[in-house]
Each structure stands twice: as C-alpha cells, then as structure tokens.
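In mature numbering (1 follows the signal peptide of the UniProt record, and there is no 0), the protein residues as written are -26 to -1, 1 to 364.
For every residue, glycine included, the Cβ atom is placed at its ideal position computed from N, Cα and C.
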C-alpha cells in the first residue's frame, strides 16, 4: 500500500525565543565599483551597489574551480601534475614538473595561495584542457543560477569574455559554502601540506586578511589583476547568522567588507525558531502504542530581518501512518521553516517513544492442524511427481 503524505502548514506568529536585539546602522558607503551583501541562509539581499554589472572577477574565479574540484571525488588520490598546465603567470603554489599532488591539496593551493598553477592542474586533470574545463565551469554556473557570468579561464587571468557580477559571485559563494570541504579549506588561515617529487611537508598561509581582522570570518577568496582591480568574496558568521559580501574593483576592499558586515549584523537577527511539537503525533499500525509524539533533533535557528519574524511558516512533513516497530529516536519526518519562497531551516523529527510490533497468538483446532498436515504431504508428493528423478 502506498503511503500517503500530508503537509501541515502552521503560521508562526511568535518565534522570538532567543532573539538578540541589535542597533541598526546606516547603509555602508563602499569604494567598490560593484558590491552586494546577502544573508546566506535565505539569499536575501541586504545591500547592493551595481550588483548586476558585468565585471572581471580575477582570482575569485577559483571559488568555482575549487568547488568543481571538491565535487569531483577521489580527493586524496595522488597524481602527477601536467607539466605544461603549471607553466602559467601570476600567483603560484610552487608546483614543478613531476610533482605529486592530490585534488584536495590543489584546492588548498587555490583558496589559500591563489595558485594559478593549481587551477590549471585541476582543469587538465578533470577535463583534459583549460578550454574543456571552462565548459564545465559554465555548466555549473547555470545550475547555480549565475545568469550573468561567463568563464574562460580556471584561474581568473584577464580575458574579455571572462566576467561575472557581484550578485552572481554571491550565489556562487553561497553554494560553495554548503560544501563541507570547501568551507573547511577557505576558512583555514594556515596549514601544513605535502606535495612535490617526492612529496614533502610545507606551510601554506591564506591571503585573506579578514580571517585575522574580522571576528567570525569564514572565508572566502581574494583576487586581483590590473584590469579587474581588487576583488573580494567573503563570509562571516555570528550567533547563527551567516552573511556573504562581494566587492568587485574595490580600492578599499577590506574596509568595504568590514563595513558591510557591521551593517548586516545590525539588521539581521539570530532567531531560535519554534520547536514545540507537543501537539503533533504519528499513527502507528500494528504496534503496542497506536500513537507516538515527535521531538526535534536540534533547536533550529535562522537569521532574519526584524520585520520578517512574524511571517515565518513552519511546515511539518510526516507520513499518514507508520508500521511498528518504532523505536525512540527513529527518524519519522522533518519540519521546514519558510519565509516566502525561501526555506530558512530544516530540522529532523524523531519518535519520542517505542511502539513494539503487536503479535497475536493464533490457536488452531484439531481439524485445522490436520488440514495443514495433509496439505504439507500433498505438496511434497506434487513436488516429487513433477521431478521424480531429482
């Protein structure tokens, strides 16, 4: 029998269980030619300046190259870099002909040292050439929704057809930060890595000053060429609120990002979402308990603007019924918290009790036992007649 699903939508009018008030600051003035600030969970734009203008984005390109590398699998498998791929101008992680590396190490080389050699090595390894890899980059950009971007190089070196927008780069960073490996690497300030011929240990330091200068920074990537100017994609998180900032062609990029983050954290509140499920229960078929309550796996939280708090909806997803046995802690569904068309948070729902399988002992009379006995003999004879010799 197919299990039917039902959707319970509850309008949450009071979710301020742990809201932290903030003093709202004025919108920042930034030096950047183009800039944007978004709340990472919902993607809501908090501030923008020429955010849809197409501009070169320099080495922030490596966010895309690193993401594709980290999504490729076999991240710790050793291979030899292509000798021609690593012959490239600009910043480098120091790769030489014959060096043994892993895809994970190249991701560190791109996100910390901004290695153009690392980006080219990834491109050739995964696609055979930089040109073929650019096709992969543009395909991934379409999936992310980067409608005003076009990639030509894996490293971000200048090219007339290589461009993006502040808004698109924020979308890219939002997607990349959902990758655990990417988030871990881009938030690392300094680490030891092994590569070479043969591999040996060396230190690598992140170019992103915000990791040391702004509390809560978790990445993401710097960039610079003479044509593009200073480019920076960054993210910071405080009290469960995550913000993403992008500046393109910004003479004072570090100051721009600090100002945007200060503004963002003043207008976005960390809100503990309603997790009272005492009125919700599940129906259990064939169990010692016909109904069980549900509890959340964790306390859900989101960052929202003050005026949006009362518009959050809690949507509960459960099956219409469940078959026993059910144990306390079994996953039975989920709750989603929506603000308009954006899902702010999802929490897993667990059963808060046990319902063992209910078994009724069936007692057969003498006649029924005889029928079963002779039926068994008949089945054996029938089987023998159909295969008398084996």
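Going by beta carbon distance, what residues of the same chain come within less than 6 Å of residue i, once the five residues before and after it are set aside?
i: residue 205; result: 31, 32, 34, 197 and 222
i: residue 307; result: 291, 292 and 323
i: residue 150; result: 37, 41 and 156
i: residue 192; result: 161, 209 and 211
i: residue 203; result: 223
i: residue 199; result: 32 and 132
i: residue 364; result: Because residue 364 carries a pLDDT of 46, less than 50, the predicted location of this residue cannot be relied on, and no value is offered for it.
i: residue 19; result: 12
Going by DSSP, name the residue or residues bridged to residue i.
i: residue 246; result: 275
i: residue 322; result: 308
i: residue 216; result: 211
i: residue 259; result: 297
i: residue 53; result: 75
i: residue 124; result: 137
i: residue 316; result: 313
Round the Cβ separation of residue i and residue j to the nearest angstrom and send it over; I've been treating them as touching at under 8 Å.
i: residue 219; j: residue 190; result: So it is not a contact: roughly 12 Å between Cβ atoms.
i: residue 129; j: residue 55; result: Wrong, their Cβ atoms sit about 14 Å apart, outside the cutoff.
i: residue 147; j: residue 194; result: 5 Å
i: residue 329; j: residue 258; result: 4 Å
i: residue 67; j: residue 89; result: 3 Å
i: residue 39; j: residue 93; result: 5 Å
i: residue 240; j: residue -2; result: 4 Å
i: residue 302; j: residue 261; result: No, residue 302 and residue 261 are not in contact; Cβ-Cβ is about 13 Å, not under 8 Å.
i: residue 44; j: residue 153; result: 6 Å
i: residue 64; j: residue 131; result: 6 Å
i: residue 186; j: residue 248; result: Residue 186 to residue 248, Cβ: 38 Å. No contact.
i: residue 119; j: residue 145; result: 6 Å
Take residue i and list the residues in its own chain whose beta-carbon comes closer than 7 Å to its own, dropping the five residues that flank it on each side.
i: residue 235; result: 188, 210, 217 and 219
i: residue 133; result: 126 and 127
i: residue 207; result: 34, 37, 143, 147, 194, 195 and 220
i: residue 17; result: 148 and 316
i: residue 107; result: 97, 100, 101 and 128
i: residue 313; result: 16, 278, 282, 285 and 286
i: residue 173; result: 74
i: residue 135; result: 124 and 126
i: residue 91; result: 60, 62, 66, 67 and 69
i: residue 332; result: 260, 261, 262 and 298
i: residue 177; result: 164 and 166
i: residue 184; result: 191, 208, 228 and 231
i: residue -14; result: Residue placement at residue -14 cannot be trusted, given a pLDDT of 34 that sits under 50; the coordinates are not used to answer.
For residue i versus residue j, is the C-beta distance shorter than 8 Å?
i: residue 6; j: residue 142; result: no
i: residue 215; j: residue 244; result: yes
i: residue 49; j: residue 84; result: no
i: residue 319; j: residue 300; result: no
i: residue 52; j: residue 87; result: no
i: residue 23; j: residue 9; result: yes
i: residue 175; j: residue 166; result: yes
i: residue 233; j: residue 4; result: yes
i: residue 137; j: residue 28; result: yes
i: residue 82; j: residue 237; result: no
i: residue 182; j: residue 26; result: no
So residue i is in the alpha helix (DSSP H); what residue range does that whole segment cover?
i: residue 237; result: 227 to 241
i: residue 311; result: Looking at the DSSP string, residue 311 is not in any alpha helix (DSSP H); the run it does join, the beta strand (DSSP E), is 305 to 313.
i: residue 92; result: 90 to 101
i: residue 145; result: 140 to 150
i: residue 82; result: 77 to 85
i: residue 157; result: 154 to 160
i: residue 186; result: 184 to 187
i: residue 178; result: Counting along the chain, residue 178 falls outside any alpha helix (DSSP H), though it belongs to the beta strand (DSSP E) covering 173 to 179.
i: residue 107; result: 104 to 118
i: residue 280; result: Per DSSP, residue 280 belongs to no alpha helix (DSSP H) and is neither H nor E.
i: residue 302; result: Here residue 302 belongs to no alpha helix (DSSP H), and DSSP marks it neither H nor E.
i: residue 252; result: Residue 252 -> no alpha helix (DSSP H), and no H or E assigned at all.
i: residue 36; result: 36 to 44
Where does the unbroken beta strand (DSSP E) through residue i begin, and where does it stop?
i: residue 197; result: 191 to 199
i: residue 366; result: Any question about residue 366 goes unanswered here, given that the chain covers just -26 to 364.
i: residue 170; result: 164 to 170
i: residue 19; result: 19 to 23
i: residue 293; result: 287 to 293
i: residue 10; result: 8 to 13
i: residue 266; result: 265 to 270
Quick one: residues in its chain with C-beta nearer than 8 Å to the C-beta of residue i, no 5 flanking neighbours on either side, listed in chain order?
i: residue 251; result: 267, 268, 269, 270, 290, 309 and 323
i: residue 110; result: 42, 100 and 101
i: residue 114; result: 38, 41 and 42
i: residue 280; result: 241 and 243
i: residue 95; result: 55, 56, 59, 60, 69, 75 and 80
i: residue 104; result: 59, 94, 97, 98, 127 and 128
For chain C, is any of its Cβ atoms less than 8 Å away from the one on residue i?
i: residue 211; result: In the structure shown, chain C does not exist; there is a single protein chain.
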